[in-house]
Every structure is written in C-alpha cells, then in structure tokens.
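Written below as structure tokens is the structure these notes are about.
In this note's numbering, the protein residues as written are 41 to 376.
Listed below in structure tokens is the structure:
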C-alpha cells in the first residue's frame, strides 16, 4: 500500500514540476523505485536513463572528505593538523590555527571565493577568472588567496567552497598525486563506481546529461557558468547506482576505518537553519531516534540530494536542472 502511494506521489510531482533527472529509492535493501525522466540532451532528444551520469555539484565534497579520511587512516594526516603545516602555498591572511577539522566542518572562517551566503543568482554568477581556465586546483588560488578571514577558526559554521578547495590541495600535497587521480583510485575504483568521474564540460563521455538552465525565452546549458572540469568542492559526475555503491561501501567500513566512519557520521556543528553537519556530510533532525544523513549539491543546471535513512534505506534524486531535485525528494520523504 505504501509503495502504491509512493508511486502515485512521484508520478504527480514529476508531472507538476516537469522533472528531468533520475529517482532511486531503496528500502531495507530492496530497490522499490527507480526511473528516469526528461532529456540528457534536449537538442537531440536523447532521454535520461537510470544509467545516465549527472553532475552532483557540492555532493563532490563527500568524496573529498573521504579522501582526507584515507590519509588520516594511513597516518599521514590528522584532524588536528594545521593547514599551514600541510601545504607549501602562502595564504597571508589565513590564520595559522586553521585545522583539517575546521575545513571539513565549514568552521575555518577562511575567505570563500564562492560565498553562497552572498550569491543570489547561481544561474548567472561569474567568477573573476573565466570558467574555462579553472582546470587545476591551484588555478583557484588567485580567487581567494588574499581574502581576509570571516571569523576566527571554530567560532561558527559558514559553508565554504574555498575551504574544500584547500582540502583538495592538502590531498595533493600530502599524497603527491593529483586530486582527481587520488579520488579515482581511492574512492571510485575502490567502491566499483565505474560510471563516476571528473569530466571536462566540453568533452563529456557517453551517457552523460547536459545541465540545463530554464529561462522565459527557452533554455541554455551550463557550460559557460561552471568550471571546465570539477574540483574538490564540486563538479563530479555520478549515477544513482554508483551512489548506492558508495553508501554501501561507506557503511560497511570498506573506505574508512571503523573509528573514522563513526566520527564522520557524528554531529560536529549546527548551521543557521538548525541542520547539523559532520565531516563532509549533512545530518538532519532525528526521525524515530535515528539521524538522517544526506549529501546535497546545487548549481547552475544541477540539483542533487542523496539521503540515507538507515544503512539499507537510500533515496537519491539527481536532476540536470537547477532546482528539479528538491520537490521530488521532499515528497518522497513525506511517504517514508
């Protein structure tokens, strides 16, 4: 009965919102719903499928957090390691007290090159450096190297994309491996996420959806808004099936040690909306005594939310439009 009602709600919301993307619902280990809607390529009318790869924007931050966790488990880093001791790049205005923990929990106070507290229109926001020039992590440094601290480390939560760029640089400096290669080997390959990766916007592989920005006069793709290739704060591509593999591997402690897995899932700080954040992962108010963990990403032509209600209960919604995932996810959650 519940599944019948869930199907009705999804069908109605898809129709009302003209949803474009993919929906995946697994309850107690059983896939109860999976379907794709809309077009991956509107010009050529190529439909989205359950195996289509989508951008997930800031959902990428969890991959970065796991990469940092791998280095911690190897003894090459710790949560109390100071940023200034991990990188050979001078950030003149960054406090020497900023630690890996601060960066992972968005409590560092470092200046953010893409401050979401200030940006009102993500569909049209332009950085001071052309997006096609942002090919490596160090290409981002001029955007925030000289910015002043927003507050002293640990004082409060302030979502920071720049902080996760710094974590990516830490991964590169400590491991001696380019960030993308490190995540590919230590996360994607480890978890058998064969359809996930960092793909250049001007050379997307097969089965990859373009991101679309809908306007009054029609639509456009997001290729001139987002960086040419993803980085440690956003821009990875994945599928709903690969996300399911990631959650499974994470909870089965195949990625991080038991100690670190438990720590990453614990509440570390609260944001202004009374949501909690752990280390690279959001934690919502507890339902029935269990915390609700979720990953979320939003950008021009991208919206993504993957929610874990329990180890074997996962809801993932990915859309190749700027806000398509939210209504679907909200209505599904009401039914569970």
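We put the beta carbon where it would ideally sit given N, CA and C, even for glycine.
The structure displayed is predicted, hence computed values, not measured ones.
Excluding the five sequence neighbours on either side, which residues of its own chain have a C-beta within less than 6 Å of the C-beta of residue i, listed in chain order?
{"i": "residue 309", "result": "145, 147, 197 and 317"}
{"i": "residue 138", "result": "123, 148 and 193"}
{"i": "residue 280", "result": "62, 64 and 356"}
{"i": "residue 228", "result": "236"}
Counting only the same chain and skipping the five closest in sequence on each side, list residues whose C-beta sits under 7 Å from that of residue i.
{"i": "residue 68", "result": "352 and 353"}
{"i": "residue 212", "result": "177, 218 and 219"}
{"i": "residue 270", "result": "100, 238 and 276"}
{"i": "residue 113", "result": "296, 297 and 300"}
{"i": "residue 361", "result": "60, 252, 254, 341 and 343"}
Would you kindly report the start and end of the unbroken beta strand (DSSP E) that includes residue i?
{"i": "residue 282", "result": "Segment 280-291 is the alpha helix (DSSP H) holding residue 282; no beta strand (DSSP E) there."}
{"i": "residue 336", "result": "330-339"}
{"i": "residue 258", "result": "258-261"}
{"i": "residue 61", "result": "61-67"}
{"i": "residue 76", "result": "70-77"}
{"i": "residue 255", "result": "252-255"}
Taking just the CA atoms, how far does residue j sit from residue i?
{"i": "residue 55", "j": "residue 48", "result": "11 Å"}
{"i": "residue 366", "j": "residue 97", "result": "14 Å"}
{"i": "residue 41", "j": "residue 332", "result": "Unreliable positioning characterises residue 41 in this predicted model, as indicated by a pLDDT of 45, which lies under 50. The coordinate reading is nonetheless provided below. Their Cα atoms are separated by approximately 24 Å."}
{"i": "residue 255", "j": "residue 263", "result": "15 Å"}
{"i": "residue 245", "j": "residue 236", "result": "11 Å"}
{"i": "residue 372", "j": "residue 46", "result": "7 Å"}
{"i": "residue 301", "j": "residue 209", "result": "22 Å"}
{"i": "residue 222", "j": "residue 70", "result": "32 Å"}
{"i": "residue 260", "j": "residue 215", "result": "39 Å"}
{"i": "residue 121", "j": "residue 161", "result": "36 Å"}
{"i": "residue 247", "j": "residue 87", "result": "10 Å"}
{"i": "residue 158", "j": "residue 44", "result": "42 Å"}
Need the endpoints of the alpha helix (DSSP H) that residue i sits in, please.
{"i": "residue 203", "result": "201-215"}
Whole-angstrom Cβ separation of residue i and residue j, contact assumed at under 8 Å?
{"i": "residue 23", "j": "residue 79", "result": "Nothing about residue 23 can be read from this structure; the chain reaches only from 41 to 376."}
{"i": "residue 324", "j": "residue 266", "result": "Not confirmed; about 27 Å, so no contact."}
{"i": "residue 72", "j": "residue 90", "result": "Residue 72 to residue 90, Cβ: 14 Å. No contact."}
{"i": "residue 201", "j": "residue 273", "result": "4 Å"}
Between residue i and the rest of its own chain, which residues show a CB-CB distance below 8 Å, the 5 nearest in sequence each way excluded?
{"i": "residue 133", "result": "151, 186, 187, 188 and 189"}
Q. In chain order, which continuous runs of the alpha helix (DSSP H) of length 4 or greater are located wholly inside the region 156-187?
A. 181-184
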